Amino acid sequence: MKTFFWSGFVGLLIFEIANVYFIMPMPGSQQMNSIDLAYFLYSWRWAFRILFALMILAGFFGTKWHRRWKWFLILSLVILLGVIYMVNFKMAADAMFKQPEHFLLVSSDKNKVDTNRLIIGVSFNGEAKAYPIQFLGYHHHIQDTVGGKPILVTYCTVCRTGRVFEPMVNGKKEKFRLVGMDHFNAMLEDAATKSWWRQVTGEAIAGKLKGQKLPEVFSMQTSLSEWLKLNPNSLILQADPAFVTAYDSTMKFESGKSKNNLTGTDSLSWKNKSWVIGVINTTPLLLVVTKDNKSFFAFERPEADAKFLLTNDTLLYRDHHFRIDGKGIDTVYSLTPLPAYQEFWHSWRSFNPGTKKY
């Protein structure tokens, strides 16, 4: 019966650690193709816990323990309970990065966010909203509506990826929670099917809906000042007072000056933490960066050999002028925008195998 006790003890200890290890950035965990194992452990977590707990109880009460074991057993169980508490209530992704408690968007005249900050911007059906990366980097995902469309605004600081999706699962609006990461990319879990969705692609990579994708919503990454030039009536997400100390106040991450192993930037080209702008497209394209060196836009070129001139954030093509976001200034014609993403090279390379390098 002692063997039952210690087998249950060690089994539960290893299980609780493994349940977190494979979906959090721990040594070696994110280099493995372990998502199926991680989801299996998570899906059957209560079965494992009950089994090991019964083994512990059977061994404990079925053994005549010598008095000298008393304090050792108590200490061992205290350590086990401490590990269970830490991995489930302190190290779990949604325990470390919580959702906003006070959700406030304001117009530019009431805005308190530094306009040099980077934002993920969404414009739809006559309404525009800006979501500062300063806040998204902590929360990882925020659900809102723009122009009547439900949206799921997501960001992963370890991949430097901002994406916006429709939170629609099986035709119904769904709630999500942060569950962990795979290959250094954040994962979300929907409340209905408990499937795990990859932040960078919106694809379900584990669970009942494996292989399905969330519809993507077109978004832009710009500085807040640039966004407001293009969308002066935009609403801007403000800091939640409950999480002010959790937000990055230094701008080191956004400016590429962070030295953190997970979120820091490499100043050299084509290193894991080098910045790239990725575009998924097979047609001739035009990629422009604004004079603030923070905002960028991509478009289809009208013709394969089309030549553009960029002056003071205004594009000139065939005697017609266009705003930096492609909207015509002296013409009703506008350039066709393409989704373009700034992210770390390791992320783009991992989730876009076979990509070409410029």
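Quick note on this note's numbering: the sequence shown kicks off at 1110 and runs consecutively. Virtual Cβ for every residue (Gly too), placed ideally from N, Cα, C. Just so it is clear, the structure is predicted and the values come from calculations on it, not from any experiment.
Where the alpha helix (DSSP H) through residue i begins and ends
i, result
"G1320", "Per DSSP, G1320 belongs to no alpha helix (DSSP H) and is neither H nor E."
"R1458", "W1454 to F1460"
"F1361", "The sequence shown places Lys at residue 1361, rather than the Phe named in the question. Its alpha helix (DSSP H) spans residues K1361 to S1364."
"R1307", "Counting along the chain, R1307 falls outside any alpha helix (DSSP H), though it belongs to the beta strand (DSSP E) covering W1305 to R1307."
"V1187", "K1179 to Y1194"
"L1377", "Element bounds for L1377: n/a, residue is neither H nor E."
"L1150", "I1144 to S1152"
"D1203", "A1202 to M1205"
Range of the contiguous beta strand (DSSP E) that encloses residue i
i, result
"H1430", "H1429 to R1432"
"T1440", "That residue, T1440, is in no beta strand (DSSP E); it is neither H nor E in DSSP."
"D1299", "N1294 to D1299"
"L1425", "T1423 to Y1426"
"V1388", "W1384 to V1388"
"L1418", "L1418 to T1420"
Cβ shell of residue i (< 6 Å), same chain only, five flanking positions each side left out
i, result
"E1236", "V1255 and G1256"
"W1269", "The sequence given here places Arg at residue 1269; Trp does not occur at that position. The residues are E1452 and F1453."
"R1226", "P1241, Q1243 and L1333"
"S1383", "D1375 and W1454"
"H1430", "T1423, I1438 and D1439"
"A1313", "S1304, W1306, K1319 and Q1321"
Whether residue i touches residue j by CB criterion (8 Å)
i, j, result
"V1326", "F1274", "yes"
"F1408", "T1445", "yes"
"V1215", "Q1330", "no"
"M1135", "M1290", "no"
"V1388", "L1394", "yes"
"D1422", "K1400", "yes"
"I1260", "V1231", "yes"
"I1438", "S1328", "no"
"G1246", "D1357", "yes"
"P1341", "S1217", "yes"
"H1248", "P1209", "yes"
"N1294", "R1286", "no"
"S1116", "M1195", "no"
"L1122", "L1189", "yes"
"F1157", "F1124", "yes"
Sheet register partners of residue i (DSSP bridge)
i, result
"P1446", "F1408"
"L1227", "S1332"
"L1395", "F1408"
"M1277", "K1282"
"P1259", "T1254"
"G1271", "Y1264"
"I1345", "V1215 and A1239"
"E1125", "Per DSSP, none; premise fails for E1125."
"T1464", "Answer is none; T1464 lacks a bridge partner."
"W1174", "None, per the DSSP bridge assignment."
Identity of the residue in the options nearest residue i by Cα
i, options, result
"N1220", "G1311, A1204, L1333 and F1149", "L1333"
"A1162", "G1365, F1114 and A1127", "F1114"
"K1282", "T1302, F1293 and G1271", "T1302"
"T1310", "I1251, F1285, G1271 and L1245", "G1271"
"N1390", "T1372, R1410 and F1169", "R1410"
"F1170", "Y1194, E1298, T1112 and P1241", "T1112"
"K1317", "D1145, E1125, I1123 and S1138", "D1145"
"R1154", "N1142, I1165, N1128 and M1141", "N1128"
"H1455", "S1138, N1461, N1381 and D1253", "N1381"
"S1367", "R1286, N1342, V1267 and E1298", "V1267"
"V1119", "S1185, Y1151, S1138 and R1177", "S1185"
"Q1252", "G1280, T1224 and K1284", "K1284"
"D1223", "F1233, L1337, L1182 and G1365", "L1337"
"Y1130", "N1461, W1174 and V1192", "V1192"
"S1343", "K1238, G1280 and T1440", "K1238"
"G1137", "P1448, H1292 and L1425", "H1292"
"A1413", "V1398, T1392 and V1187", "T1392"
"Y1151", "K1207, R1177, F1233 and V1288", "V1288"
Residues of its chain near residue i, where Cβ-Cβ distance is below 8 Å and the 5 sequence neighbours each way are ignored
i, result
"W1457", "V1385, G1387, Y1450 and T1464"
"M1110", "A1167, G1168, G1171 and T1172"
"S1443", "F1431, G1435, K1436 and G1437"
"L1213", "L1346, Q1347 and D1349"
Sequence-distant residues of the same chain with beta carbon closer than 7 Å to residue i, five excluded per side
i, result
"V1147", "Residue identity differs from the one stated: residue 1147 is Ala in this sequence, not Val. So the list reads F1131 and I1132, once near-sequence residues are dropped."
"L1182", "W1174"
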